[in-house]
Amino acid sequence: MSDHISIWGELGDVDHELRHLDVAGVRTRVLRAGTGPDLVLLHGTGGHLEAYARDIAGLARNFRVTAYDMVGHGWSDLPDVPFTVDVLSDHLLGLMNALGIASAHLSGESLGGWVVAWTAAHHPGRVRRIVLNTPGNIANKPEVMARLVASTTTAVSDPSDANVRARVAWLFHDKEMVTDELVDLRRRVYTRDGFRRAVDNILVLQDPVTRARFSWDPSWVGRITAPTLLLWTDHDPTGGLDEAQMLLDWLPDARLHVITGAGHWPQWEKPDEFVEQHETFLLPVHTPVTAVRA
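Those letters in the sequence shown? Residues 1 to 294, by UniProt numbering.
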């Protein structure tokens, strides 16, 4: 049996605050916990802050943790605009402004990692160190984009248990960790008023023409000065270690750690290792990281 309890079970003994903030007119759902250096967590495509439920307690021991629903996601507002990487980055910076965070460590999973990297490249003064967690399809493979579009639109258009469960299961290597609670939570997001339109705005980044404006490329990735930790897994459905090597070649100051036995959500499947890697990389007591090349 999985050692997972429940989302509330993971957060039940953690002092935290969950509220909505106005971020430049966008009602934004935010969870905060802990004290210490600021660490902001960004979820992936179509996701929500509960993606980090298993990590909040551990990270809050050493960081002031902020997890939030990106604009167009979760229970944040769903304005009718394409949610391109620059729009999501502006929302992140607006949230930091609303919370009085001048600069922070940023950790993003999948789409969240893309937003983190874009922000670090274009707004370096707001970023300390960054963690790119299974950042997703660095090579822009059409088949990966098509699979994500198909599974997401199917689950939103027909949010049956089978369709939503299949979309959630895509994130995991250990399918036994796909609980009814996670499926039901994702269904509630998918059935929000206006979410069918919102998902089209989310998935614009899977359109090759739109994606080309923001695609991972050394022309902008090479501008990232923040020390970077790449968290990869051995079962990520969006890309293998060859894509991690691409980022290592482009980033001026980066290291790679591979989490084994996990898929696209290592923060859920391997929370202890996920937290330990953040502590090792981000806490100031550790020796600064220099570039590591495979």
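All residues carry an ideal CB built from backbone N, CA and C; glycine is no exception.
Cβ pair residue i, residue j closer than 8 Å
i	j	result
Ile138	Gly239	yes
Val131	Leu229	yes
Glu109	Ala51	yes
Asp15	Ala33	yes
Val116	Ser107	yes
Ile224	Leu241	no
residue 380	Val156	As displayed, the chain neither begins before 1 nor continues past 294, which places residue 380 out of reach and without an answer.
Ala146	Leu21	no
Pro266	Thr134	yes
Glu273	Ser6	no
Leu282	Arg129	yes
Pro284	Pro208	no
Asp236	Gly194	no
His43	His91	no
Glu269	Asp174	yes
Thr84	Phe214	yes
Asn62	Glu279	yes
6 Å CB neighbourhood of residue i in its chain, flanking five on each side removed
i	result
Thr260	Asp234
Leu203	Val149
Asp38	Arg64, Ile101, Ala104
Pro271	Arg54, Asp55
Pro159	Arg187, Tyr190, Thr191
Leu18	Leu31
Asn163	Thr154, Ala155
Leu78	Gly72, Gly194, Ala198
Gly136	Ser110, Thr238
Val144	Asn137, Thr238
Gly222	Trp250
Thr35	Arg64
Val40	Thr66, Ala104, Leu106
Gln277	His257
Ser89	Val115, Trp118, Thr119
Contacting residues, own chain, Cβ-Cβ under 8 Å from residue i (five flanking each side not counted)
i	result
Trp220	Trp118, Ala121, His122
Leu93	Thr119, His123, Arg126
Met246	Ile138, Ala139, Trp216
Val275	Asp55, Gly58, Leu59
Val292	Residue placement at Val292 is poorly supported in this model, since its pLDDT is 43, which falls under 50; the coordinates are not used for a value here.
Val87	Val71, Val81
Beta-bridge partners of residue i, as assigned by DSSP
i	result
Leu251	Partner(s): none; Leu251 has no beta bridge.
Leu132	Gly108, Leu230
Val127	Ala104
7 Å CB neighbourhood of residue i in its chain, flanking five on each side removed
i	result
Ala24	Gly94
Val178	Arg165, Val168, Ala169, Phe172
Arg197	Asp80
Arg211	Asn140, Leu205
residue 319	Lying outside 1 to 294, the shown extent of the chain, residue 319 is not represented and no answer is given.
Ser151	Ala166, Arg167, Trp170
Gly112	Leu42, His43, Gly44
Counting only runs of 4+ residues fully inside the stretch 208 to 261, write out the alpha helix (DSSP H) ranges in chain order.
-> The stretch 208 to 261 contains these whole alpha helix (DSSP H) runs: 208 to 211, 218 to 221, 241 to 250.
Report yes or no: do three or more beta-carbon pairs, one from the stretch 38 to 58 and one from the stretch 68 to 81, lie closer than 8 Å?
-> yes
Would you list, in sequence order, the uninterrupted alpha helix (DSSP H) runs of no fewer than 4 residues that lie entirely inside the stretch 10 to 77?
-> Listed in chain order, they are 56 to 59.
Where in the stretch 154 to 208 do unbroken runs of the beta strand (DSSP E), each at least 3 residues long, occur, reported from the N-terminal end onward?
-> With a minimum length of 3 residues, no continuous beta strand (DSSP E) run stays inside the stretch 154 to 208.
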